Amino acid sequence: MLEVHHVSRSFAQRLVLDDISFIVPSGALTGFVGANGAGKTTTMRIIMGLLNASSGHVSLNGSELSGDTRPNFGYMPEERGLYPKQPVIDQLLYLGQLHGITRAESRKRAMDLLARFGLEDRAKSKLESLSLGNQQRVQVAASLLHEPDVLILDEPFSGLDPLAVDAMSSILRDYAARGVPVLFSSHQLDLLDVLVDHLVIIQEGKILANSSADDLRASQASRHRLSLGADAGWLRDEPGVSVIDLSGSQALVNFESEADSQRVLAKALGLGTVSEFAVHRPSLADIYREII
Amino acid sequence: MKTMNAPWLVVALREVETKVKDKAFVISTIMTLLLIVGSIAASTFFANKSEDFKVVATDQLSYQVLQRAQDQRPENLNLTISQAESAAAKEELNGEKVDAMLSSTANGQEFTLTGFDEVDPQLQDLVSSSMTTVLTDQLLAKAGIDSSQLPKADQLKVSQLQGDSERASMVRAMAFLFSFLFYMAALLFGMPIANSVIEEKQNRVVEILASTIRLRQLLAGKIIGNVILAMVQLLLFISAGLLAAYLAPGEIPFLGVVAQVAGWFVVFFLGGFLVLAGIWAALGALATRTEDLQQSTGPVVGALLAVLFIGIYAKGSFLVIASYVPIVSSVAMPIRLLSGEVALWEPLLSLAILLAACWAVLLFSERIYRRAVMHTGGTLTLRKALKLEV
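As you go down the protein sequences, you meet chains R and E in turn. Using the working numbering, the first residue of the first sequence is number 0, and each one after it goes up by one. Using the working numbering, the first residue of the second sequence is number 797, and each one after it goes up by one.
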């Protein structure tokens, strides 16, 4: 488990991270969401040791990380970075060797990863000759080459086509299944909804949520969707009910208690037909919008 | 499992590999090699080349002048003389069997040197001076004076208290060569350090590299890679030059001294280049785009030009001071060593100063590099870079 403990960081007197703490559980995919400028990239750079925290620290499995490199971490920075004029395989070999992997082993792993992304025939092409989506896949391959113990990915899905998103998702799931803590940021909330096990929400340098996706959803589980035969406007006047959304005969409501929900259902049945009365499972996107 | 190379070595090898695969670099190295060997071969060839002239005289007096010319001829000029009737001589000249024909008027006061389509100025000078000598001797004989009693040019002996003039000209030539080699290498191998730092900054590769290995290792690898390239190229040039000079026909003076000082030069070159490499790396880290480098490298290129000119023109106490100033000393001290009269402690002290400077610059550059290389928002000044927090 990767833990961020009370980390603060300011740049020239501007507080960018304000005493943030959260965990990235091992064996789970953790989504990291927040508006642009909320502090996601700074947080990731601090985890990677590229920036120092003004206060606080980061620990892995209970021991504090020190020093300025995390060689056993896999990292994909927000601004992608590889050598555009060099063949794909050459840069992967170079990075592999920097990680202390032999040339032969680096080559084997690089070709495996490229094959996984359907890029094995582009190994000798210069990076700049690949499409942006393919360059991104190479970038991901670069972060996985040394079979990292921790994966930190800044916007790994941005710019990927649907097939590449699937390939990326399955790779991330594989890593999580190995027991590796995986933290990635994304603006694609619908994607996070199906992918992540854990969610961290950051807003203006403060952590607003840090819990498992199921817990987050459960916290909102008292929502119900109603479809009635006639106008549902009377719901607004019911005690113990708060209407979130209402249009004609459709409504999305919050019941204060189970008793309230049963009472309202009975009343609705008395008034006419009820074609739908269901617990509404909120998407993470809904929750995010609610929290922010 | 094979033991793995240290990160700095991986970086250094990549620098070397990239450069060696660069066709422009290989071609320019080969061209320079050919130029060095060629110019040494050419200069010894011309220095030892002798000219052959055949001149025919059409009368006794002209023949006398030619005989005198044979005595007075310089070493690299061979003169074959003969005498023939005017008509036969002309025919020989027409058939280009001789280079020139010398004839005098009946009163023996005017001479004509006739060539086929040109008269070599060397030959003309020689004949003119021997003619003057012959005519002067005739006049002196009439006056009853022995020509050997006349004052002669070689009665003035030239000497100097320090060194000798041949050595001085050798020092000038070598000073030019050392200065030029240093200048070329500093640009040819220094600039790529700055460029590759900027490139990695611009492509953001540095963020990945910095999370993989320490920036110190990255910086060290870049510098060492380029130092290896620069040293190999320098050694190649020097050994080709010395070998060509050694094998060349004719003796090249001071070859022993030059070879010895070349050794010193290699050591000083290494130190001076390391100082520059650190500066180049820091400049690269301060810039954001390759275009910015043009401005920030101005002072360094200026300093290098100063090294070039100090190397070529500095003399006396100015040169002595220069031989202790890091970077400049890389050229100035070897030049002083060439002229001799330098105690052994002098180059050793200068070298110690150079190494201290090296150490200081590399530490300082690492500080700048560490702070500035992750900064992407525009070009930094040195002051701003030092204030940055990592």
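Cβ coordinates follow ideal geometry from the N, Cα and C atoms, glycine included. A quick note: this is a predicted structure, and the numbers were derived from the prediction, not measured.
Check, Outcome
"For Glu257 (chain R), does the three-state DSSP call read helix, strand or coil?", "helix"
"Check whether the Cβ atoms of Leu126 (chain R) and Pro155 (chain R) lie closer than 7 Å to each other.", "no"
"Enumerate in chain order the residues of its own chain whose CB-to-CB distance from Gly1037 (chain E) is below 7 Å, with the five nearest sequence positions on each side excluded.", "Ile832, Ile836"
"Residues in the stretch 36-57 of chain R with C-beta within 9 Å of chain E's C-beta atoms, listed in sequence order?", "Arg44, Met47, Gly48, Leu49, Leu50, Asn51, Ser53"
"Using a C-beta to C-beta distance shorter than 8 Å, which residues of chain E count as neighbours of Ala298 (chain R)?", "No information on residue 298 (chain R) is available, as it lies outside the stretch 0 to 291 that chain R covers here."
"Less than 8 Å between C-beta atoms, sequence neighbours within five positions excluded: which residues of the same chain meet that for Gln856 (chain E)?", "Gln879"
"Output yes if chain R places a C-beta closer than 7 Å to the C-beta of Ile994 (chain E); else output no.", "no"
"Using the rule of at least 16 other Cβ atoms within 10 Å of the residue's Cβ for burial, across every protein chain shown, is Gly178 (chain R) buried or exposed?", "exposed"
"Use the C-beta contact count for Lys798 (chain E): other C-beta atoms within 10 angstroms, 16 or more gives buried, fewer gives exposed.", "Note on Lys798 (chain E): pLDDT 44, under 50, position unreliable in the model; no value is reported."
"Who are the Cβ neighbours of Glu847 (chain E) in its own chain at under 6 Å, not counting the five residues just before and after it?", "Leu873"
"Please confirm if the stretch 258-265 of chain R is in contact with the stretch 975-994 of chain E, defined as three or more CB-CB distances below 8 Å between the two stretches.", "no"
"With a cut-off of 7 Å, does the C-beta of Thr1008 (chain E) fall near any C-beta of chain R?", "yes"
"Can you find a C-beta in chain R that's less than 7 Å from the C-beta of Asn999 (chain E)?", "yes"
"Taking the alpha-carbon positions, what's the Asp213 (chain R) to Ile200 (chain R) distance?", "15 Å"
"Starting from Val851 (chain E), trace the beta strand (DSSP E) both ways and give me its first and last residue.", "847-853"
"Taking the continuous alpha helix (DSSP H) assigned at Gln879 (chain E), which residues delimit it?", "Premise fails: Gln879 (chain E) lies in the beta strand (DSSP E), 873-879, not in any alpha helix (DSSP H)."
"Is the beta carbon of Phe1064 (chain E) closer than 7 Å to that of Met966 (chain E)?", "no"
"Given that Asn801 (chain E) touches chain R, what residues does it touch there, using C-beta distances under 9 Å?", "Gln96, Gly99"
"Have a look at R:Pro24, R:Leu171, R:Ile45, R:Asp67 and flag the residue whose alpha-carbon is nearest the alpha-carbon of Leu1011 (chain E).", "R:Asp67"
"Hey, does Val748 (chain E) have any beta-carbon neighbour from chain R nearer than 7 Å?", "One cannot answer for residue 748 (chain E) here, as it falls past the ends of chain E, which runs 797 to 1186."
"Would Ala883 (chain E) be called buried (16 or more neighbouring beta carbons within 10 Å of its own) or exposed?", "exposed"
"For a contact defined as C-beta to C-beta under 7 Å, what are the partners of Met1170 (chain E) on chain R?", "Leu49"
"Select from the stretch 805-826 of chain E all residues with a C-beta closer than 7 Å to any C-beta belonging to chain R, and list them in chain order.", "Val806, Arg810"
"What in chain E is Cβ-close to Glu146 (chain R), meaning under 8 Å?", "Neighbours of Glu146 (chain R) on chain E: none; closest Cβ ~14 Å, over 8 Å."
"Within this structure, are the beta carbons of Val1169 (chain E) and Ala1081 (chain E) separated by less than 7 Å?", "yes"
"Using 7 Å as the threshold, is the C-beta distance between Met43 (chain R) and Asp153 (chain R) below it?", "yes"
"Whose CA, out of R:Asp165, R:Arg106, R:Ser124, R:Phe276, lies closest to the CA of Leu92 (chain R)?", "R:Arg106"
"Using a beta-carbon distance below 7 Å, is Lys798 (chain E) in contact with chain R?", "No answer about Lys798 (chain E) holds up, because its pLDDT of 44 lies below 50 and its placement is not dependable."
"Whose CA, out of E:Gln1090, E:Leu1134, E:Ile826, lies closest to the CA of Gly1059 (chain E)?", "E:Leu1134"
"Is the CB of Gly80 (chain R) under 7 Å away from at least one CB in chain E?", "yes"
"Here's a check: name, in chain order, each residue in its chain whose Cβ is nearer than 7 Å to the Cβ of Gln138 (chain R), leaving out the five neighbours to either side.", "Met75, Arg79, Leu81"
"May I ask you to list, following chain order, the residues of the stretch 202-220 of chain R that have a beta carbon less than 8 Å from some beta carbon of chain E?", "none"
"What is the DSSP secondary structure of Lys205 (chain R), reduced to helix, strand or coil?", "strand"
"Is the CB of Thr68 (chain R) under 7 Å away from at least one CB in chain E?", "yes"
"Leaving aside the five residues before and after Glu2 (chain R) along the sequence, list all residues of the same chain whose C-beta is less than 6 Å from its C-beta, in chain order.", "Ile22, Ser58"
"Does the CB of Tyr74 (chain R) have a neighbour CB from chain E at under 7 Å?", "yes"
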